[in-house]
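Residue numbers for the sequence shown, in my numbering: 18 to 345. The beta carbon of each residue, even a glycine, is placed where N, CA and C say it ideally should be. Quick caveat: nothing in here was measured; it's all calculated off a predicted structure. Before any comments, here is the structure.
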Amino acid sequence: MTSLPDLSKIKPSGGKRSSKREQIVNVFLRQEGHLSADDLVDLIRKEDHRISRATVYRTLQWMVDAGIARKVDFGEGRFRFEHSYRQPRHFHLICKTCHRSFEFLSSDIESLVEEVASARSFTASQSVVQIYGTCEECRTGRAGQSTAEGHTDLVFARDALRIAIATERSGLEFYARAARVARDARGRKVFQDLAEEEKEHLTKLEERYGELLRRDPQLESRPTFLFFKGAANGLFAEGAERLAKGVNDQQALMIGIRCERGSHRFFKKYGERFEDSEGKQIFLEFADEERAHLDLLVREYRALVKRQGRTRRGSRPGAAAATRAGAR
């Protein structure tokens, strides 16, 4: 069951504590998917027939104003309400035949909205994307993926872990390959250590993923909620390909720095946008790990440049001749 937010912190100015309101909020947060006002009235009256329809309506509007609920329009001629508390803002696929909705979040759509708003010097406060069509079950008569309405914290956490695991695997491949191409002994050791660290983190993430599946045996079959196209193959995949084309030690470190910086920004950006949830925690934890790797690589890059500078100064023509003479 979703925990009840601290209503004392978000009640309207001058408002009084209301046991009826708390009861309505509790019932609302126990539900999955999207409820109409009449749906909620029916659920409330099963628990307490004394609560009036008007009280439910007022409380629904209060929940919208307080950020506990979001009002959505699926083209049915009436509004529905979904959780906003502890749930990230998202988009909907809506079947015009059965009127079911399927939720998803896409970084590509969000980036496009931001790009358009920025180009028009427009400050966006809310975006609503609803894609209408026909679901697989209505189109073919066969049940597709699990069609349970609404996403849950576990689905969100599952998708967050999938992205983190893909990134960790690509990071492991990158650092293992970088260690093989590095000529500088100290830099090679840094790459080897990071590869081992990525391997250890990957094992922990996979164990964590297994724990999620044990909590919900149907979790693997539930539809994907998070769509991050650029992260599907891991945020280090492109960097690993660049290493294969041949680079020197400085270039390998710079590629690693760019990958870690991009990964840190990605997980921090979206982690901070999500409401409090297990998925948010996964993203922010991963952002902290990537930041630590980034700082390490920046320090190593500076140290390598300094070492190479000393080597070049020690390799002046006279010095080189003296070395050759000594060798003879």
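CA-to-CA, the gap between ARG200 and VAL322 works out to about 14 Å.
Shown here, GLU302 sits in a helix according to DSSP, grouped into three states. Per DSSP, reduced to three states, the secondary structure at GLN147 is strand. Residue pairing of ARG97 in beta bridges, as defined by DSSP: SER53, VAL89. Take the alpha-carbon of ALA136 and the one of SER128: they are about 12 Å apart.
By the beta-carbon neighbour count (other beta carbons within 10 angstroms, threshold 16), HIS66 is exposed. At the C-beta level, LEU252 and TYR318 stay beyond 8 Å of one another. The beta carbons of ILE299 and ALA181 sit about 6 Å from each other, so the pair counts as a contact at 8 Å.
Runs of the alpha helix (DSSP H) spanning 4 or more residues and lying entirely within the segment 249-331 occur at 254-261, 266-290, 295-330, in chain order.
Cα atoms of ALA196 and PHE108: separation of roughly 42 Å, rounded to the nearest angstrom. With respect to GLU237, LEU243 sits apart: the two C-beta atoms are not nearer than 8 Å. Straight-line spacing of the CA atoms in VAL198 and VAL207 works out to 13 Å. Taking C-beta separations shorter than 8 Å and ignoring five residues to either side along the sequence, the partners of LEU219 in its chain run ILE182, GLU185, ARG186, LEU189, following chain order. Between the segment 140-158 and the segment 246-264 there are fewer than three C-beta pairs closer than 8 Å, too few to call the two in contact.
Contact check for VAL73 against VAL89 fails: the beta carbons are separated by 8 Å or more. Following the DSSP letters along the chain, one finds GLU237 in no alpha helix (DSSP H), marked with neither H nor E. Contact check for LEU311 against GLU277 passes: the beta carbons are separated by less than 8 Å. Counting the other Cβ atoms within 10 Å of the Cβ of ILE148 gives fewer than 16, which makes it exposed.
Ranking GLY204, PHE45, ARG87, ARG156 by CA distance to the CA of ALA320 puts GLY204 first.
With fewer than 16 neighbouring CB atoms inside 10 Å of its own CB, GLU224 falls in the exposed class.
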